[in-house]
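First comes the structure, then the notes that go with it.
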Amino acid sequence: MAKLTVTTAIAACALMGGAVAASADENATLIVNGEIEMVTRTAAPDHVPLGEIRSGWTFRTGETQALQMDDFDNPGMIFVDQAIDAWNTVEGSAEKSCASCHEDVETSMEGVRAVYPKWNEDAGELRTLAMQINDCRESQMGAEPYGYTSADMTAMEALISVQSRGMPVNVAIDGPAAPYWEMGKEIYYTRYGQLELSCANCHEDNYDNMIRADHLSQGQINGFPTYRLKNAKLNQVQDRFKGCVRDTRGETFSPGGPEFIALELYVASRGNGLSVEGPSVRN
Amino acid sequence: MKHLSNMIAAAGLAVLGASAGHAAETAPGAVSHDEYGGVATSLTGAPGDPARGAEIMTSRGLGNCIACHQVSALSHAPWHGEVGPPLDGAGDRWTEADLRGIVVNSKMVFDGTIMPAYYKVSGFTRPGDLYTGKAAPADLPPVLTAQQVEDVVAFLLTLKD
Numbered sequence: 001m002a003k004l005t006v007t008t009a010i011a012a013c014a015l016m017g018g019a020v021a022a023s024a025d026e027n028a029t030l031i032v033n034g035e036i037e038m039v040t041r042t043a044a045p046d047h048v049p050l051g052e053i054r055s056g057w058t059f060r061t062g063e064t065q066a067l068q069m070d071d072f073d074n075p076g077m078i079f080v081d082q083a084i085d086a087w088n089t090v091e092g093s094a095e096k097s098c099a100s101c102h103e104d105v106e107t108s109m110e111g112v113r114a115v116y117p118k119w120n121e122d123a124g125e126l127r128t129l130a131m132q133i134n135d136c137r138e139s140q141m142g143a144e145p146y147g148y149t150s151a152d153m154t155a156m157e158a159l160i161s162v163q164s165r166g167m168p169v170n171v172a173i174d175g176p177a178a179p180y181w182e183m184g185k186e187i188y189y190t191r192y193g194q195l196e197l198s199c200a201n202c203h204e205d206n207y208d209n210m211i212r213a214d215h216l217s218q219g220q221i222n223g224f225p226t227y228r229l230k231n232a233k234l235n236q237v238q239d240r241f242k243g244c245v246r247d248t249r250g251e252t253f254s255p256g257g258p259e260f261i262a263l264e265l266y267v268a269s270r271g272n273g274l275s276v277e278g279p280s281v282r283n
Numbered sequence: 001m002k003h004l005s006n007m008i009a010a011a012g013l014a015v016l017g018a019s020a021g022h023a024a025e026t027a028p029g030a031v032s033h034d035e036y037g038g039v040a041t042s043l044t045g046a047p048g049d050p051a052r053g054a055e056i057m058t059s060r061g062l063g064n065c066i067a068c069h070q071v072s073a074l075s076h077a078p079w080h081g082e083v084g085p086p087l088d089g090a091g092d093r094w095t096e097a098d099l100r101g102i103v104v105n106s107k108m109v110f111d112g113t114i115m116p117a118y119y120k121v122s123g124f125t126r127p128g129d130l131y132t133g134k135a136a137p138a139d140l141p142p143v144l145t146a147q148q149v150e151d152v153v154a155f156l157l158t159l160k161d
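The listed protein sequences derive, respectively, from chains A and B.
Residue numbers for the first sequence follow this note's numbering, beginning at 1 and rising by one.
Residue numbers for the second sequence follow this note's numbering, beginning at 1 and rising by one.
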């Protein structure tokens with residue numbers, strides 16, 4: 001009997017903790033290193049049926065939020081440092097590094113993250129940042145492509161994202177990007193898997209609600225790549241999509257495949273106006 | 001003589017099968033819902049066990065109902081979600097048939113609801129093999145077995161205000 005009371009008390013605490021954590025600090029402001037001011041809440045773009053769009057950061061607990069406020073505390077920054085080495089490393093038959101063509105990453109990559117996925121006129125395709133990185137590796141360097149969601153790829157994306165931190169996400173959805181955007185939108189609202197759940201079911205209809213121990217966010221991708229405390233690594237955006245479709249008891253799509261490329265454009269566009277945060281910290 | 005004992009053995013097996021909930025079980029595709037979505041007949045003919053129902057509702061790999069619903073009687077299990085309404089008093093608000101219909105396929109009761117169907121095996125888009133992300137096998141089983149549905153219904157009926 002005594003034991004029962006204790007476990008019940010613990011469960012009650014856990015529940016209350018969840019409720020408190022859920023509501024704490026959602027109006028906090030995110031300023032990184034005391035200088036980069038992030039827009040974490042703003043009016044939704046016209047094509048998004050939400051009053052306000054919110055960064056995933058606003059849904060996290062105060063402790064998790066704090067980890068992103070200083071680069072010394074942000075575990076994702078370790079991977080940025082690793083990618084600086086990769087940026088300067090000569091690889092492939094052309095005997096070039098990224099730096100051979102782009103020189104200083106801070107100036108050449110400023111603003112790049114904010115506008116990807118982006119239509120590439122010469123190739124006649126919509127390109128994610130990962131696709132562009134691999135195109136450079138293959139066509140310019142004569143090097144092996146990175147695995148689409150590999151640690152090397154994710155770190156390089158983090159390095160490139162850092163150069164746009166604080167700038168508003170601003171992906172184009174008109175012109176040649178429009179059919180991809182439509183396809184992505186359709187995927188976003190399709191109820192997949194044996195549990196018949198769409199992205200919208202969780203991230204549009206139920207954001208700010210708890211689903212078991214998780215505080216549902218709007219599933220925005222302005223913070224990618226994301227360092228997750230749960231798996232202690234940097235996570236590539238399409239790996240996250242894969243995990244969410246898997247959780248519907250669904251058959252996922254492949255990272256780098258046409259469905260997730262279209263979905264990435266669509267989800268990115270739902271965050272137009274939020275700041276680029278990558279690498280962000282989430283749980 | 002030998003023939004007869006075989007027949008008796010077979011009859012015995014059939015009875016055993018029925019009491020274990022197999023012979024009389026209604027297959028997922030064969031469940032009939034009334035006009036409000038309720039399912040009047042037990043899926044197994046065997047009574048549900050509310051204690052097992054409670055375990056199914058809190059277990060992540062089974063019903064995981066508390067992922068979305070708050071249930072005071074299950075407060076020993078941590079983390080109750082808020083995607084669906086609290087289930088306290090559900091046994092007063094709904095009949096047994098309604099509750100069975102909601103667990104079998106809630107979309108027959110609440111049009112377009114986010115709540116998953118627990119005893120259904122077809123009509124999905126890209127169904128997977130549990131939580132592997134891989135394609136579902138051709139003979140995809142329902143999320144809960146017929147007897148597990150009955151166990152959950154039996155538990156829900158105990159939720160009185």
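C-beta: ideal position from N, C-alpha, C; glycine also.
Candidates B:133, B:103, B:156 and B:158, of which the one nearest residue 145 of chain B by Cα: Taking the second sequence and counting its residues from 1, the one referred to as residue 145 of chain B is at position 145. Out of B:133, B:103, B:156 and B:158, B:103 has the C-alpha closest to the C-alpha of residue 145 of chain B.
Between the beta-carbon of residue 122 of chain B and the beta-carbon of residue 115 of chain B, is there less than 7 Å? Position 122 of the second sequence, counted from the first residue, corresponds to residue 122 of chain B. Position 115 of the second sequence, counted from the first residue, corresponds to residue 115 of chain B. No, these two residues do not count as a Cβ contact at 7 Å.
If contact is defined by three or more beta carbon pairs under 8 Å, each pair taking one atom from either stretch, is the region 26–37 of chain B in contact with the region 90–104 of chain A? no
Anything in chain A within Cβ reach of residue 28 of chain B, meaning under 7 Å, just list it in chain order. For this step, residue 28 of chain B is matched to residue 28 along the second sequence. Residues of chain A passing the Cβ test: none, with the nearest at roughly 12 Å.
Beta-carbon gap between residue 38 of chain B and residue 24 of chain B smaller than 7 Å: The residue you call residue 38 of chain B lines up with position 38 of the second sequence. The residue you call residue 24 of chain B lines up with position 24 of the second sequence. No, they are not a contact pair.
For residue 162 of chain B, name the three-state secondary structure that DSSP assigns. Since the first residue shown for chain B is 1 and the last is 161, residue 162 of chain B is missing from the structure and cannot be characterised.
What does a CB cutoff of less than 7 Å around residue 83 of chain B pick up in its chain, not counting 5 residues either side in sequence? Numbered from 1 along the second sequence, position 83 holds the residue referred to as residue 83 of chain B. Excluding residues within five positions, the ones whose Cβ falls inside 7 Å are 68 and 114.
Residue-level contact to chain A via CB, residue 119 of chain B, 7 Å cutoff: The sequence position of residue 119 of chain B within the second sequence is 119, counting from 1. No - not a single Cβ of chain A is within 7 Å of the one on residue 119 of chain B.
Enumerate, from N- to C-terminal direction, the unbroken beta strand (DSSP E) stretches of 3 or more residues contained entirely within the region 95–160 of chain A. 118–120 and 125–127
For a quick check, are the C-beta atoms of residue 56 of chain A and residue 282 of chain A less than 7 Å apart? Along the first sequence, read from residue 1 onward, the residue named residue 56 of chain A stands at position 56. Along the first sequence, read from residue 1 onward, the residue named residue 282 of chain A stands at position 282. It is a contact, given that the beta carbons lie within the stated cut-off.
In terms of residues, what are the limits of the beta strand (DSSP E) holding residue 53 of chain A? As a working mapping, residue 53 of chain A is identified with position 53 in the first sequence. That run of the beta strand (DSSP E) goes 52–54.
Based on DSSP bridge pairs, tell me the residues matched to residue 91 of chain A. Translated into the one-based positions of the first sequence, residue 91 of chain A becomes position 91. DSSP output for residue 91 of chain A lists A:96 as bridge partner(s).
Going by DSSP, what residue range makes up the beta strand (DSSP E) through residue 160 of chain B? The sequence position of residue 160 of chain B within the second sequence is 160, counting from 1. Premise fails: residue 160 of chain B is in no beta strand (DSSP E) and is neither H nor E.
Selected residue, minimal CA-CA separation from residue 112 of chain B, among A:198, A:252, A:214 and A:121: Counting from 1 along the second sequence, the entry for residue 112 of chain B is found at position 112. Nearest C-alpha to residue 112 of chain B: A:198.
Less than 7 Å between C-beta atoms, sequence neighbours within five positions excluded: which residues of the same chain meet that for residue 249 of chain A? Translated into the one-based positions of the first sequence, residue 249 of chain A becomes position 249. Cβ neighbours of residue 249 of chain A beyond the five flanking positions: 193, 194 and 195.
Residues in the region 210–232 of chain A having any Cβ partner in chain B nearer than 7 Å: 210, 211, 212 and 213
Which residues of chain A have a Cβ atom closer than 7 Å to the Cβ of residue 68 of chain B, listed in chain order? Along the second sequence, one-based indexing puts residue 68 of chain B at 68. The contacting residues are 211.
Taking residue 234 of chain A as part of the beta strand (DSSP E), name the residues at either end of that continuous run. Here residue 234 of chain A refers to the residue found at position 234 of the first sequence. It spans 233–235 - the beta strand (DSSP E) in which residue 234 of chain A sits, taken as one unbroken run.
Measuring straight from C-alpha to C-alpha, what distance separates residue 162 of chain A and residue 278 of chain A? One-based indexing of the first sequence puts residue 162 of chain A at position 162. One-based indexing of the first sequence puts residue 278 of chain A at position 278. Residue 162 of chain A and residue 278 of chain A: Cα-Cα distance of roughly 6 Å.
Bridge-paired residues (DSSP) for residue 275 of chain A: In the first sequence, residue 275 of chain A corresponds to position 275, counting from 1. Note: residue 275 of chain A sits in a beta bridge opposite A:168.
What's the gap between the Cα of residue 145 of chain A and the Cα of residue 130 of chain A? Looking up residue 145 of chain A in the first sequence gives position 145. Looking up residue 130 of chain A in the first sequence gives position 130. Computed Cα separation, rounded: 10 Å.
How many whole angstroms separate the CB atoms of residue 267 of chain A and residue 223 of chain A, which I take to be in contact at a CB cut-off of 8 Å? Position 267 of the first sequence, counted from the first residue, corresponds to residue 267 of chain A. Position 223 of the first sequence, counted from the first residue, corresponds to residue 223 of chain A. The pair is not a contact, with the Cβ atoms about 12 Å apart (cut-off 8 Å).
Buried or exposed: residue 101 of chain A, going by 16 or more other Cβ atoms within 10 Å of its Cβ? Against the first sequence, residue 101 of chain A aligns to sequence position 101. So residue 101 of chain A counts as exposed.
Helix, strand or coil for residue 197 of chain A per DSSP? Here residue 197 of chain A refers to the residue found at position 197 of the first sequence. Three-state result, residue 197 of chain A: strand.
Which stretch, first to last residue, makes up the alpha helix (DSSP H) that contains residue 42 of chain A? Against the first sequence, residue 42 of chain A aligns to sequence position 42. No alpha helix (DSSP H) contains residue 42 of chain A, which is instead part of the beta strand (DSSP E) from 41–43.
Could you tell me how far apart the beta carbons of residue 315 of chain A and residue 64 of chain A are, in whole angstroms, since I believe they sit closer than 8 Å? There is no way to answer for residue 315 of chain A, as the model of chain A reaches only from 1 to 283.
How about residue 127 of chain B: is its C-beta nearer than 7 Å to some C-beta of chain A? Your numbering for residue 127 of chain B matches position 127 in the second sequence. At least one chain A Cβ lies under 7 Å of residue 127 of chain B.
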